[in-house]
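Heads up, the sequence shown is in full-length UniProt numbering, so the first residue is 1 and it goes up one at a time. Note that beta-carbon positions come from the ideal geometry of N, C-alpha and C, so glycine has one too. Owing to the predicted nature of the structure, the values given are computational and were not obtained by experimental measurement.
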Amino acid sequence: MVGSVLLSERLVVSHTTPCALLLQREDTSAAGKMEENNQWRDKGLKRKHPGDQERMSGGRGGGRGGGKRGGSGRGGGERDGVGRGGVKRSGDKERNRGVGNCDAEAKRGGGTGEGGAKKRLDALSVGYFRRVGERLSEGFTEDEERVLFVENVLAEVKGQAALVAMDVTGSVTLQRLLPLASLSQVGEVLAELGGESGSALKTVSCDKCGGHVVESALRQMPRWREKSPLEDQSATTEGEAEDCGVLEPQVLSLCRVMKDHCAEFIRHTHGSHVARTLIHVLAGCLGPARSDTARPGVKDRNVPTQLTYFEVPTSFWWELKHLSTSLMEHVNVCVTDPVASAVLQNMLMVCHRGRPKLCKQLTRGIVGYLTSLSSAPGVSPLLVFLKDAACSRLIETVIQLSHKALLRDLYKNHLKGQLVNLAIHPIANFPIQRLTAASASYKMFLKVFDELTEGLEAILAAGHMGVIVQLTDSCAEWEEKQGEMMQSLLRAFHCAEPASRHTACLPLFLSLLTHDVYYCSETTEGDTLTERPLSSICYHGSRLVQSLAKFKDRSLLLNSLRSLTPADHLTLGTDQTGSHVLQLLVTSSSDKGRGKILRRLEGQYVQMACSRYGSRVLEAIWTSATVPQRQSIAKELVSCENQLRSDQFARHIWAKFALTHFVKRQAQWQEVQMGESKKRKLFSDILD
1 MVGSVLLSER LVVSHTTPCA LLLQREDTSA AGKMEENNQW RDKGLKRKHP
51 GDQERMSGGR GGGRGGGKRG GSGRGGGERD GVGRGGVKRS GDKERNRGVG
101 NCDAEAKRGG GTGEGGAKKR LDALSVGYFR RVGERLSEGF TEDEERVLFV
151 ENVLAEVKGQ AALVAMDVTG SVTLQRLLPL ASLSQVGEVL AELGGESGSA
201 LKTVSCDKCG GHVVESALRQ MPRWREKSPL EDQSATTEGE AEDCGVLEPQ
251 VLSLCRVMKD HCAEFIRHTH GSHVARTLIH VLAGCLGPAR SDTARPGVKD
301 RNVPTQLTYF EVPTSFWWEL KHLSTSLMEH VNVCVTDPVA SAVLQNMLMV
351 CHRGRPKLCK QLTRGIVGYL TSLSSAPGVS PLLVFLKDAA CSRLIETVIQ
401 LSHKALLRDL YKNHLKGQLV NLAIHPIANF PIQRLTAASA SYKMFLKVFD
451 ELTEGLEAIL AAGHMGVIVQ LTDSCAEWEE KQGEMMQSLL RAFHCAEPAS
501 RHTACLPLFL SLLTHDVYYC SETTEGDTLT ERPLSSICYH GSRLVQSLAK
551 FKDRSLLLNS LRSLTPADHL TLGTDQTGSH VLQLLVTSSS DKGRGKILRR
601 LEGQYVQMAC SRYGSRVLEA IWTSATVPQR QSIAKELVSC ENQLRSDQFA
651 RHIWAKFALT HFVKRQAQWQ EVQMGESKKR KLFSDILD
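Structure follows, in structure tokens:
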């Protein structure tokens, strides 16, 4: 049936079902027009009316009059394109989506148009996919409705998948749609994106929008074992259970494209992310999607990524090995380009988890390549690469994943005698941190420790506290080195002699200031300060004290903590980084030692409860405290009931400590606390 509809209407072909989208109207508001204008502005045209493109390009189809036109004009007459009046339509599924006289085949393709300009979706299609995204946000109540909706939308995508994938709106919609599609549908989308030979996948993968779509398609691979009810009915042999349909060949096709254009892929900003996702899929492990980890405000960025493991076809394991070979053929690119380096690091991490032998080969090959390059006589080439911003990150990963023999070779033949110089370098100090952590399980740590402690004060002066914190962390596994580490720190902070300065070590460590700087500031009268309130608590200082708190002998830290004033205890407990120190020192102490610290905190509990960080410390203290200690804390808190109940942090303390019961039924409250204490002690004995 041939009919005329307004340009502001969009007809969606649908099955005769309740879930079908029969007719949706295009938003012709100012926002819709602005979106269309932006499309044309990108091409260098300001879209005032449909005839602008024709006039500015020299009037390809005709003049301004009302005669016969090949393009889009304002006048009447017979038109081959889309004007402001009616649209010629036929009963089949072909759509004339373009604005102007664009042939249908060019409209459905990607790439570039006339004059080399990049083809884009027209405003009508952009509006359609925007509405599809809005419908996806609403969700579906029935599976049948969802299946038919996905089928209808993918029918609209068919024939122009590359164009949709490389559009901002279309890309976002496809990313949300593919997880709802069947694997065969996902495979068909990938097949169309790749073209007949599959080579077009490179163009889409290296596009800022298309790369996300390819990643989203790859991330559907964990579902390859799942089958729809129709597939279950048709499956009659065990061999069919191993078939993952269209998707597996398309993943393998992407592997071939990446191997053929490996250097371009791994160096490309967007293509490298597709390569990293592909490596994870081939290894059978996936982390959170980029859209989940790149949002502003996401916390815990330093927490190790949680991976989801799944079974993969046998062909994927072979492709992973071939892909690793291709990366090693371009190792010269990976050691100099930061984007390519991230891809190789990803390969190392993935192989370390699932293919340890392959990881061993890769790390040995990378070190072999780096050490084979020429350098100054008597100087290891590895020292040069350690100071390079791009290569040092790769070396960090290699050191972190290296086996014992390779670590020993690295230290003995390349790094011995150079650790302090590298530790004070602004870039090379990070690989040294990884070396210190990786060697903690082997005897070679003793040599690393002796070399680094000789230059501890120089490292402190350079401000590279990460090296010192990591060295202290590693000492927790070597009890015979803990005392030496503590004495080295006391000397570095100028509080080793006389012994009376030992009680000042905690404020010095927390602020990372020497005794001379922290205490001996002259006043305006020329006097010298010997005492000052706790201040200047910094992140690395907190980390250092937390590492020292893991030592077997913590007497120096605890004596220094008890020497602080109650106001200093409050400052420490309510500070963002210092609160972790107080929590660790209190909860890891014995009941007797904890009681000594809590006596210094008396009178400060209400202020701690009303603090964002202090309330967390108070909860941890409560959990580890004895019943008499809990009673002492509760008596102080209930005296300020109104203040606690009205505070956003303290009201949770009031509820968790059951202080209402303490006020009204103190005997019952005490029985409950006794029961909890016995239960906690029982479980702690079992765990110990």
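Check your understanding: Taking buried to mean at least 16 other C-beta atoms within 10 Å of its own C-beta, is residue 628 buried or exposed?
Key -> Here residue 628 corresponds to residue number 628 of the sequence shown, with the count starting at 1. Burial call: exposed.
**Study point:** the stretch 639-648 touching the stretch 670-683, judged by at least three CB pairs closer than 8 Å
**Key:** At 8 Å Cβ cutoff, the stretches do not touch.
Exercise for review: Return the residue from the list 213, 315 and 161 that minimises the CA-CA distance to residue 195.
Suggested key: On the sequence shown, position 195 is the one that residue 195 refers to. Taking each of 213, 315 and 161 in turn and checking the Cα distance to residue 195, the smallest one comes out for 161.
Exercise for review: Can you give me the start and stop residues for the alpha helix (DSSP H) that residue 632 sits inside?
Suggested key: Along the sequence shown, one-based indexing puts residue 632 at 632. Looking at the DSSP string, the run of the alpha helix (DSSP H) that includes residue 632 is 627-638.
Practice item. Can you tell me which of 329, 142, 123 and 189 puts its alpha carbon nearest to the alpha carbon of residue 153? Key: Taking the first residue of the sequence shown as 1, we reach residue 153 at position 153. Of the candidates 329, 142, 123 and 189, the one whose C-alpha sits nearest the C-alpha of residue 153 is 189.
Point to revise | Minimum C-alpha distance to residue 393 - residue among 273, 247 and 366 | key: In the sequence shown, residue 393 corresponds to position 393, counting from 1. Ranking 273, 247 and 366 by Cα distance to residue 393 puts 366 first.
Review point. Is residue 278 helix, strand or coil when you go by DSSP?
Key: Here residue 278 is taken as the residue at index 278 of the sequence shown, counted from 1. In this structure, residue 278 counts as helix in the three-state DSSP scheme.
Exercise for review: Quick one: grab the DSSP three-state call for residue 286.
Suggested key: By one-based count along the sequence shown, residue 286 stands at place 286. Residue 286 falls in the strand class under three-state DSSP.
Check your understanding: With residue 179 and residue 220 assumed to form a contact (beta carbons below 8 Å), what rounded beta-carbon distance in angstroms separates them?
Key -> Against the sequence shown, residue 179 aligns to sequence position 179. Against the sequence shown, residue 220 aligns to sequence position 220. That pair is a contact at about 7 Å.
**Study point:** Status (buried if at least 16 other CB within 10 Å, exposed otherwise) for residue 403
**Key:** If you number the sequence shown from 1, residue 403 lands on position 403. Exposed.
Review point. For the alpha helix (DSSP H) that residue 759 lies in, which residues bound it at each end?
Key: Outside the modelled stretch of the chain, which goes from 1 to 688, sits residue 759, for which no answer is possible.
Review point. With DSSP run on the structure shown, which of helix, strand or coil describes residue 514?
Key: The residue you call residue 514 lines up with position 514 of the sequence shown. Of the three classes helix, strand and coil, the one that applies to residue 514 here is coil, per DSSP.
Exercise for review: Look at residue 312 and residue 358 and say whether their C-beta atoms are less than 8 Å apart.
Suggested key: Along the sequence shown, read from residue 1 onward, the residue named residue 312 stands at position 312. Along the sequence shown, read from residue 1 onward, the residue named residue 358 stands at position 358. For residue 312 and residue 358, no; Cβs fall outside 8 Å.
Exercise for review: Would you tell me roughly how many angstroms separate the C-alpha atoms of residue 251 and residue 308, rounded to the nearest one?
Suggested key: Position 251 of the sequence shown, counted from the start, is the residue given in the question as residue 251. Position 308 of the sequence shown, counted from the start, is the residue given in the question as residue 308. Each residue's alpha carbon lies about 19 Å from the other.
Exercise for review: Take residue 191 as the anchor and find which of 139, 257 and 377 has the nearest alpha-carbon.
Suggested key: For the purposes of this step, residue 191 is taken as residue 191 along the sequence shown, with counting starting at 1. Considering only alpha carbons, the answer is 257.
Point to revise | Three-way DSSP call (helix, strand, coil) for residue 519 in this model | key: Along the sequence shown, one-based indexing puts residue 519 at 519. Residue 519 falls in the helix class under three-state DSSP.
Exercise for review: Please check the pair residue 617 and residue 573, which I expect to be a contact at CB under 8 Å, by giving their CB distance rounded to whole angstroms.
Suggested key: To locate residue 617, count along the sequence shown from 1; it is residue 617. To locate residue 573, count along the sequence shown from 1; it is residue 573. Contact flag correct, Cβ pair sits at about 5 Å.
Exercise for review: Pick helix, strand or coil for residue 677, following the three-state DSSP scheme.
Suggested key: Translated into the one-based positions of the sequence shown, residue 677 becomes position 677. Note: residue 677 maps to helix in three-state DSSP.
Point to revise | Residues near residue 452 by beta carbon distance below 6 Å, same chain, minus five either side | key: On the sequence shown, residue 452 is found 452 positions in, with the first residue counted as 1. Excluding the 5 residues flanking it on each side, residue 452 has same chain C-beta neighbours closer than 6 Å at 419 and 471, in chain order.
Exercise for review: Indicate whether residue 391 and residue 335 have their beta-carbon atoms separated by less than 8 Å.
Suggested key: The residue you call residue 391 lines up with position 391 of the sequence shown. The residue you call residue 335 lines up with position 335 of the sequence shown. Against a cut-off of 8 Å, the Cβ pair of residue 335 and residue 391 comes out as a contact.
Review point. Do you know offhand how far residue 541's Cα is from residue 212's?
Key: Counted from its first residue, the sequence shown places residue 541 at position 541. Counted from its first residue, the sequence shown places residue 212 at position 212. Cα-Cα distance, rounded: 41 Å.
Check your understanding: At least one CB of chain D closer than 8 Å to the CB of residue 424: is that the case?
Key -> No chain D is part of this structure, which consists of one protein chain only.
Review point. For residue 550, which option in 586, 640 and 339 has the closest C-alpha, if you only look at C-alpha atoms?
Key: Stepping through the sequence shown from its first residue, residue 550 is reached at position 550. Taking each of 586, 640 and 339 in turn and checking the Cα distance to residue 550, the smallest one comes out for 586.
Practice item. Work out the CA separation of residue 479 and residue 557 for me, nearest whole Å. Key: Counted from its first residue, the sequence shown places residue 557 at position 557. Counted from its first residue, the sequence shown places residue 479 at position 479. Answer to the nearest angstrom: the Cα atoms are 17 Å apart.
Check your understanding: Just checking my contact of residue 414 with residue 371 at CB under 8 Å: how many whole Å lie between their CB atoms?
Key -> Counting from 1 along the sequence shown, the entry for residue 414 is found at position 414. Counting from 1 along the sequence shown, the entry for residue 371 is found at position 371. Going by Cβ atoms, the distance from residue 414 to residue 371 rounds to 7 Å, so yes, they are a contact pair.
Exercise for review: For residue 275, collect the residues of the same chain with a Cβ closer than 7 Å to its Cβ; drop the 5 residues on either side in sequence, then sort them by chain order.
Suggested key: Here the question's residue 275 lines up with position 275 in the sequence shown. Contacts found: 258, 265, 266 and 343.
Review point. Exposed or buried, what is residue 170 when buried is set at 16 or more other beta-carbons lying within 10 Å of its beta-carbon?
Key: Within the sequence shown, numbered from 1, the residue matching residue 170 stands at position 170. Residue 170 should be labelled buried.
**Study point:** Nearest to residue 316 (by Cα), restricted to the options 130, 447 and 280
**Key:** By 1-based counting over the sequence shown, the position of residue 316 is 316. Answer by Cα proximity: 280.
Practice item. Compare the Cα-Cα distances from residue 319 to each of 120, 347 and 613 and report the closest residue. Key: On the sequence shown, residue 319 is found 319 positions in, with the first residue counted as 1. The residue with the shortest Cα to Cα distance from residue 319 is 347.
Check your understanding: Apart from the five residues on each side of it in sequence, which residues of its chain come closer than 8 Å, Cβ to Cβ, to residue 333?
Key -> For the purposes of this step, residue 333 is identified with residue 333 of the sequence shown, where counting begins at 1. For residue 333, where only same-chain residues beyond five positions count, the Cβ hits under 8 Å are 263, 266, 267 and 340.
Point to revise | Three or more C-beta pairs below 8 Å linking the stretch 485-500 and the stretch 452-466 | key: Flag = yes, the stretch 485-500 and the stretch 452-466 touch.
**Study point:** Straight-line gap, residue 510 to residue 201 (C-alpha atoms, nearest Å)
**Key:** On the sequence shown, position 510 is the one that residue 510 refers to. On the sequence shown, position 201 is the one that residue 201 refers to. The straight-line gap from Cα to Cα measures roughly 54 Å.
Check your understanding: Given a threshold of 16 other Cβ atoms within 10 Å of its Cβ, counted over all protein chains shown, does residue 602 qualify as buried or as exposed?
Key -> Against the sequence shown, residue 602 aligns to sequence position 602. Around the beta carbon of residue 602, fewer than 16 other beta carbons lie within 10 angstroms, which makes this residue exposed.
Exercise for review: Could you please give the first and the last residue of the uninterrupted alpha helix (DSSP H) stretch that includes residue 391?
Suggested key: Counted from its first residue, the sequence shown places residue 391 at position 391. Per DSSP, residue 391 belongs to the alpha helix (DSSP H) from 389-401.
Practice item. Inspect the beta-carbon positions of residue 209 and residue 165 and report whether they are closer than 8 Å. Key: The residue given as residue 209 occupies position 209 in the sequence shown. The residue given as residue 165 occupies position 165 in the sequence shown. Their beta carbons are under 8 Å apart, which means residue 209 touches residue 165 by this criterion.
Point to revise | Three-state class that DSSP yields for residue 442 in the structure shown | key: As a first step, residue 442 must be located in the sequence shown, where it is residue number 442. Note: residue 442 maps to coil in three-state DSSP.
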